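Visitor:
Residue numbers (the working numbering): 81 to 449.
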C-alpha cells in the first residue's frame, strides 16, 4: 500500500465535525440544551468546545496532502488559489452575518465569525507552510502561542483572562470597531475576533504537522504515533492551562494544544478502526458531510437564518413567532417534550442536510468552498 493513499478517517472526522457544528448551532430552543451540547460559560472545555478546533485541525491535516499539487512551495499559482479561497470563505461568512441584506443595518454588521476565522486561519497557515522550511514550523507555531500569551498577560487588565479584562476586546475594538463586534456575552466581545484568530492558525499548523507524521510513518504504525503525539500535546496543554486557562472564546494557547492533542488522539482511533482494521460500513453517513463540508455548513447557516428571521407564523392567539419557534413548539415539543424536542429538532436538521449532501455525493458533485 502506498503511503499517499487517502485515509478515510480524515473524511470521517471532517464529516463528524460538520454534523456536530450543525447540531450545536440549531437546537429547537436555546433554553433547552443538554450540557455536553453547550459551550463552557468561560474557562473550561466541553465536548462542544472541541468541534471547531477539530475542524481546523483536520483542515491542517488535509492541507499537507493537498499541497502536493503545488509542489509544496509558494508560487504564483498557489498564491492565487489560496487568496481566492480565503476571500471566498470570508465573504460567505460576511454574507451570512448580513442576511437578509435588504433589511440589515450594516452599521452594526458583525465582521468576524466562524467562516471568517476558518478563512484567515487556513489562509495564513497555508502561507506559513508553503513559505517556511518544514523544520521551522513547530518553532513558528510555538512562537505564536508564546507571543499571544504575552499579549494577553501584558496588555490585559487586573484579570487578564476574564471576559471584561482581556486584551482581545480593545484590540478588536480598535481594528473592527465596537459596533461590529459580537454582543452575545453581554458586552462587545467577539469569540471569533481578529486577535484571538492568531492562535487558531497554530491549530491548523498542528494539523499540518500531523499530516507529516501520517505521511512519514508506516501505515500500521500511524495510530500509535498519532496517539503518542496527541497524548503529549494534550498533557502540555492541560498543564499550561494551570497558568493560562483553557478558554475557547479567547482561543488561549493552552486551549490550542489541549484540543489539538485530543483531535490527534481521536484521529488515531479512527485510523485504527477504519483504515487499519477496515470497519468502514458505519462511516458512509459522515463521509457525505466530509465531501462538501463548508458548503453544507454555510447552507445550514443560511437556512437557520431564513427560519429565524424571514419566516414568520401567526399563532392561534394572534401573535407572530419565528418559523423555527413554531416548528419547535408545534412539531417537536408535542412529540418529545422540551429538552428532547430541542435535540430532536437539531437531529432532524442533521438528517435534512445529510440528504442534500447525499444527493451531491451520489452525483459526484463536490463544491469547493
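Glycine included, every Cβ here is placed at the ideal spot set by N, Cα and C. All values derive from a computational prediction rather than experimental measurement.
Can you name, in chain order, every residue of its own chain whose Cβ lies under 6 angstroms from the Cβ of residue 94, other than the five neighbours on each side?
Guide: The answer, listed in chain order, is 138, 370, 373.
Visitor: Count the other CB atoms within 10 Å of the CB of residue 328; is the residue buried (16 or more) or exposed (fewer)?
Guide: Buried, since its Cβ has 16 or more Cβ neighbours within 10 Å.
Visitor: Looking only at its chain, what residues have a beta carbon closer than 6 angstroms to the beta carbon of residue 273, apart from the 5 residues adjacent to it on each side?
Guide: Taken in chain order, the residues that qualify are 192, 248, 252.
Visitor: Can you look up residue 124 in the DSSP assignment and give me helix, strand or coil?
Guide: In this structure, residue 124 counts as strand in the three-state DSSP scheme.
Visitor: From which residue to which residue does the alpha helix (DSSP H) around residue 253 run?
Guide: Per DSSP, residue 253 belongs to the alpha helix (DSSP H) from 248 to 256.
Visitor: Do three or more CB pairs link the region 351 to 367 to the region 312 to 326 at distances below 8 angstroms?
Guide: Contact fails: fewer than three Cβ-Cβ distances are below 8 angstroms.
Visitor: Out of 428, 447, 420, which one is the CA nearest neighbour of residue 44?
Guide: The requested residue 44 is not part of the displayed model; the chain covers only 81 to 449.
Visitor: Quick check: the region 106 to 120 against the region 423 to 439, are at least 3 beta-carbon pairs closer than 8 angstroms?
Guide: The region 423 to 439, when compared against the region 106 to 120, does touch it at the 8 angstroms Cβ threshold.
Visitor: Less than 7 angstroms between C-beta atoms, sequence neighbours within five positions excluded: which residues of the same chain meet that for residue 89?
Guide: Answer for residue 89: 347, 350, 351, 354, 355, listed in chain order.
Visitor: Mapping the DSSP letters down to three states, classify residue 361 as helix, strand or coil.
Guide: In the structure shown, residue 361 sits in a helix (DSSP, three-state: H, G or I).
Visitor: My output table needs one value for residue 157: the three-state DSSP class, helix, strand or coil.
Guide: Residue 157 falls in the helix class under three-state DSSP.
Visitor: Would you tell me roughly how many angstroms separate the C-alpha atoms of residue 269 and residue 231, rounded to the nearest one?
Guide: Cα to Cα, residue 269 sits roughly 17 angstroms from residue 231.
Visitor: If we ignore side chains and look at the alpha-carbon of each, how far apart do residue 431 and residue 412 end up?
Guide: C-alpha separation (whole angstroms): 15 angstroms.
Visitor: On the three-state DSSP scale, how would you describe residue 410?
Guide: DSSP places residue 410 in helix when its eight states are reduced to three.
Visitor: So for residue 305, helix, strand or coil by DSSP?
Guide: In the structure shown, residue 305 sits in a helix (DSSP, three-state: H, G or I).
Visitor: Note the first and the last residue of the continuous beta strand (DSSP E) segment covering residue 402.
Guide: Segment 400 to 402, the beta strand (DSSP E) holding residue 402.
Visitor: Tell me which residues share the same chain as residue 233 and place their Cβ nearer than 6 angstroms to its Cβ, disregarding the 5 neighbours each side in the sequence.
Guide: So the qualifying residues of the chain are 240.
Visitor: Which of the three DSSP states is assigned to residue 141 in this structure?
Guide: In this structure, residue 141 counts as helix in the three-state DSSP scheme.
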